Each structure stands twice: as C-alpha cells, then as structure tokens.
C-alpha cells in the first residue's frame with residue numbers, strides 16, 4: 010500500500026517536473042523570440058496591438074483594454090512581457106524562486122487573455138501555472154531546496 | 002577566401018529569409034504571428050470574372066461568401082505546438098484547418114449557410130474550400146482544375162457578419 014502510494018507520488022512529481030521543464034523551454038523560446046523581434050526597443054508591439062484591434066468585436070472588453078492600456082503603454086508592456094518570460098523560464102527551468110516565477114507567468118497569461126489573445130491553448134498553461142503555485146516543485150527538483158535551507162525565512166524560496 | 006564565401010552565403014540566406022517574410026506578409030489573411038490567427042474570423046467575397054473592388058456585400062450579382070470562423074477547441078490547443086516550433090527556423094507549421102460557412106448569392110437569392118472546412122496554407126499560399134481554391138498571393142479564385150475563374154475580396158468583418166446574419170436567419 011505504502012510502496013504503491015510512493016510510486017504514484019513519484020510518478021506525479023516526475024510528470025509535474027517534466028511539464029515544468031517543457032513550460033520553461035516554451036517560455037524561453039518565446040522570450041528569446043521577443044528579444045530578437047525587438048519588442049523592448051521598437052514599436053513592433055504597438056503594431057501587433059493595432060492589428061489585433063481590427064480583429065476584435067468593437068464592443069468587447071479586449072478593445073477597451075487595448076485602447077486604454079496596452080497601446081498607450083506598449084513599450085512598458087514589451088519590457089514586462091519579454092523580461093517576465095525570460096525570468097519565468099529560467100526560474101522554472103532551474104527551480105529557483107519557482108513559485109514567484111509561476112506567479113509572473115500567471116500575470117503574463119492573464120494579461121494575454123484579457124488583451125484579446127485568449128483561446129483554448131491558454132487553458133493548459135493556466136492549469137500548469139496553478140499547479141506550480143500550489144506544489145513546492147522547486148523543493149522537489151531545483152535550487153529552491155538548497156536556498157530554502159540556507160535562507161529559511163525568505164518567502165521567495167518557499 | 003573561405004571566410005568570404007561563407008560570409009556571402011550567410012548574407013544571401015538572410016536576404017532570402019527577409020524576402021520570404023515580406024512576401025508572406027502580403028498574403029491574404031496573413032496576421033502578425035505568421036498565420037491567420039486562432040480566434041480571428043474573416044469574410045471573403047468571391048466572384049467569377051474580372052478583378053473588381055468591394056468594401057461591402059453588393060445588393061446585386063452572383064457571388065459566393067466564405068465566412069471563415071475561429072479554429073475549433075482542439076485545433077486551438079494544437080497551437081501550443083505551432084507557437085513553440087515556429088521559434089525554430091525551418092520548422093514552422095505550413096497551414097491549418099478551420100470551419101467555414103459558405104453562402105452563395107444568385108441574383109439576390111441567398112442560399113442557406115453551409116458549414117465546411119477551410120484549409121489555410123502558407124506554403125503554397127492557398128486556401129482550399131470544398132472544390133475551390135483561393136490564391137493568397139493574387140486573390141485569384143480557382144476551380145479544382147487549377148483554372149482561374151475569378152477573384153476574392155476580404156470584406157470588413159463585423160458589418161459583413163451582421164449582413165450575413167440578417168439575410169440567412
């Protein structure tokens with residue numbers, strides 16, 4: 010009974026860590042792609058948002074969001090999304106500040122969704138991010154395990 | 002000398018890739034993420050004969066309307082892989098399928114909307130709907146024998162959808 014429970018638990022941990030690694034690689038590729046596409050230094054994101062405006066129902070919340078927030082602050086958003094994706098990618102990959110990385114991922118995904126880029130492909134990402142927030146995956150496999158022992162009072166390594 | 006040849010080859014490959022991106026951006030229904038986006042819709046009017054210009058659904062004439070819908074749930078999920086793989090040169094997904102509503106208008110007589118699948122391809126730049134094809138480069142409407150029979154035009158989305166709903170319901 011105990012052995013099968015442990016096997017089941019280990020399987021679950023392995024699966025979750027595998028998904029965390031895949032998620033991190035996805036975020037890393039997306040972040041590097043944004044760096045190469047000059048999201049932080051050019052007006053490429055403004056063009057992306059302006060194009061999206063023409064594709065959305067005019068009375069939708071996403072149009073309101075784009076007009077009043079995303080387009081005026083496109084450069085700031087370019088920085089936050091690019092650096093956020095890179096930070097989350099590295100954090101999730103090596104298991105350092107894992108829950109904080111997951112929280113940043115959640116923030117970025119949430120903004121994608123309300124900014125008019127929602128579709129079913131976001132659902133698996135949301136589910137995974139909630140799992141990374143809920144479970145101490147950085148303690149199972151990652152630097153958080155070591156850092157938490159060294160700095161037990163630091164919430165960021167919990 | 003080897004370095005010079007290598008540099009020239011690199012520059013040529015960069016030039017080719019930049020030319021490709023320019024051409025792709027001119028494709029009908031191309032969006033900023035490299036393909037007609039998941040949740041986007043479009044209305045195309047296709048008419049036999051010479052090329053014209055339309056900004057709305059005309060009251061008279063014989064033509065076909067294609068209302069391309071958002072991708073299905075599973076197809077949307079599959080975009081996770083598409084987004085991931087497009088970060089690597091040469092591994093981009095070259096097309097996808099999505100539902101399309103087809104309405105034929107014959108001398109002001111609107112048919113009922115028929116649902117089918119549209120296959121939107123980047124390479125070659127074609128949209129396949131039933132026994133017709135639309136050339137995404139020059140907007141030609143073609144039959145299944147690859148013969149040009151007319152042209153297609155992208156109409157303003159929301160006004161066209163409203164008009165279609167009024168006429169077909």
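Residue numbers (the numbering used here), protein chains in the order written: chain G, 10 to 167; chain X, 2 to 170.
Ideal Cβ placement from N, Cα and C applies to all residues, glycine included.
Here the structure is a predicted model, which means the values were calculated and not measured.
Rounded straight-line distance, which links the Cα of residue j to that of residue i
i              : j              : result
residue 142(G) : residue 84(G)  : 28 Å
residue 82(G)  : residue 52(G)  : 11 Å
residue 117(G) : residue 60(G)  : 20 Å
residue 150(X) : residue 124(G) : 40 Å
residue 116(X) : residue 104(X) : 9 Å
residue 162(X) : residue 126(G) : 21 Å
residue 46(G)  : residue 93(G)  : 16 Å
residue 72(G)  : residue 50(G)  : 24 Å
residue 54(G)  : residue 91(G)  : 11 Å
residue 59(X)  : residue 127(X) : 25 Å
residue 20(X)  : residue 152(X) : Note that residue 20(X) has pLDDT 41, beneath the 50 cutoff, so the model's placement of it is unreliable and no number is given.
residue 1(X)   : residue 170(X) : Limits of chain X in this structure are 2 at one end and 170 at the other, which puts residue 1(X) out of reach.
residue 70(X)  : residue 17(G)  : 43 Å
residue 86(X)  : residue 156(X) : 32 Å
residue 32(G)  : residue 164(X) : 43 Å
residue 110(X) : residue 166(X) : 14 Å
residue 23(X)  : residue 88(G)  : Confidence at residue 23(X) is low in this model, with a pLDDT of 40, below 50, so its placement is unreliable and the value that follows should be read with caution. In a straight line, the C-alpha of residue 23(X) is about 26 Å away from that of residue 88(G).
residue 42(X)  : residue 69(G)  : 15 Å
residue 1(X)   : residue 57(X)  : Lying before the first or after the last residue shown, residue 1(X) is absent from chain X, which here runs from 2 to 170.
residue 63(G)  : residue 122(X) : 22 Å
residue 183(G) : residue 105(G) : Limits of chain G in this structure are 10 at one end and 167 at the other, which puts residue 183(G) out of reach.
residue 58(G)  : residue 158(X) : 17 Å
residue 54(X)  : residue 30(G)  : 51 Å
residue 27(G)  : residue 34(G)  : 11 Å
residue 28(X)  : residue 136(G) : 35 Å
residue 138(X) : residue 109(G) : 46 Å
residue 193(G) : residue 101(G) : For chain G, the structure presents residues 10 to 167; residue 193(G) sits outside this window and is missing.
residue 37(X)  : residue 167(G) : 42 Å
residue 50(X)  : residue 76(G)  : 41 Å
residue 86(G)  : residue 96(G)  : 15 Å
residue 38(G)  : residue 52(X)  : 43 Å
residue 30(X)  : residue 145(G) : 44 Å
residue 158(G) : residue 24(G)  : 25 Å
residue 80(X)  : residue 160(G) : 41 Å
residue 134(X) : residue 73(X)  : 21 Å
residue 89(X)  : residue 36(G)  : 14 Å
residue 129(G) : residue 121(G) : 12 Å
residue 40(X)  : residue 163(G) : 42 Å
residue 108(X) : residue 61(X)  : 6 Å
residue 125(X) : residue 82(X)  : 21 Å
residue 147(X) : residue 136(X) : 10 Å
residue 107(G) : residue 80(G)  : 31 Å
residue 132(X) : residue 74(G)  : 41 Å
Closer than 7 Å at the beta carbon, the chain X residues around residue i
i              : result
residue 35(G)  : 85
residue 145(G) : Residues of chain X passing the Cβ test: none, with the nearest at roughly 26 Å.
Neighbour list for residue i in chain A, Cβ cutoff strictly below 7 Å
i             : result
residue 74(X) : Protein chains in the displayed structure are G and X, and chain A is not among them.
Residues that residue i contacts on chain G, provided the C-beta gap is smaller than 7 Å
i             : result
residue 61(X) : Within 7 Å Cβ-Cβ: nothing; residue 61(X) doesn't reach chain G, min ~28 Å.
residue 41(X) : 64
residue 77(X) : 128, 129, 130
Under 9 Å by beta carbon: chain G residues contacting residue i
i             : result
residue 80(X) : 128, 129, 130
Neighbouring residues, chain X, relative to residue i (Cβ below 8 Å)
i              : result
residue 161(G) : Under the 8 Å cutoff, chain X gives no residues; its nearest Cβ is about 37 Å from residue 161(G).
residue 67(G)  : 159
Neighbour list for residue i in chain X, Cβ cutoff strictly below 9 Å
i              : result
residue 133(G) : 78, 81
Of the residues that make up the segment 157-170 of chain X, which ones have a beta carbon closer than 7 Å to any beta carbon in chain G?
159
Pairing CB atoms from the segment 135-155 of chain X with CB atoms from the segment 81-95 of chain X, are three or more of them under 8 Å?
no
Would you be able to state if there are at least three C-beta pairs under 8 Å between the segment 109-116 of chain G and the segment 136-152 of chain G?
yes
Considering only residues of the segment 39-112 of chain X, which uninterrupted beta strand (DSSP E) runs meet the minimum length of 3 residues and lie entirely inside it, listed in chain order?
43-49, 63-69, 96-107
Contact list for the segment 45-60 of chain X against chain G, Cβ threshold 8 Å:
none
Given 8 Å as the limit, is there contact between the segment 151-163 of chain G and the segment 36-43 of chain G, that is, 3 or more CB pairs closer than that?
no
Can at least three beta-carbon pairs, one atom from the segment 65-73 of chain X and one from the segment 40-50 of chain X, be found at a separation below 8 Å?
yes
When you check each C-beta in the segment 131-156 of chain X against every C-beta of chain G, which residues fall closer than 7 Å?
none
Enumerate, from N- to C-terminal direction, the unbroken alpha helix (DSSP H) stretches of 4 or more residues contained entirely within the segment 34-80 of chain G.
53-64, 70-74
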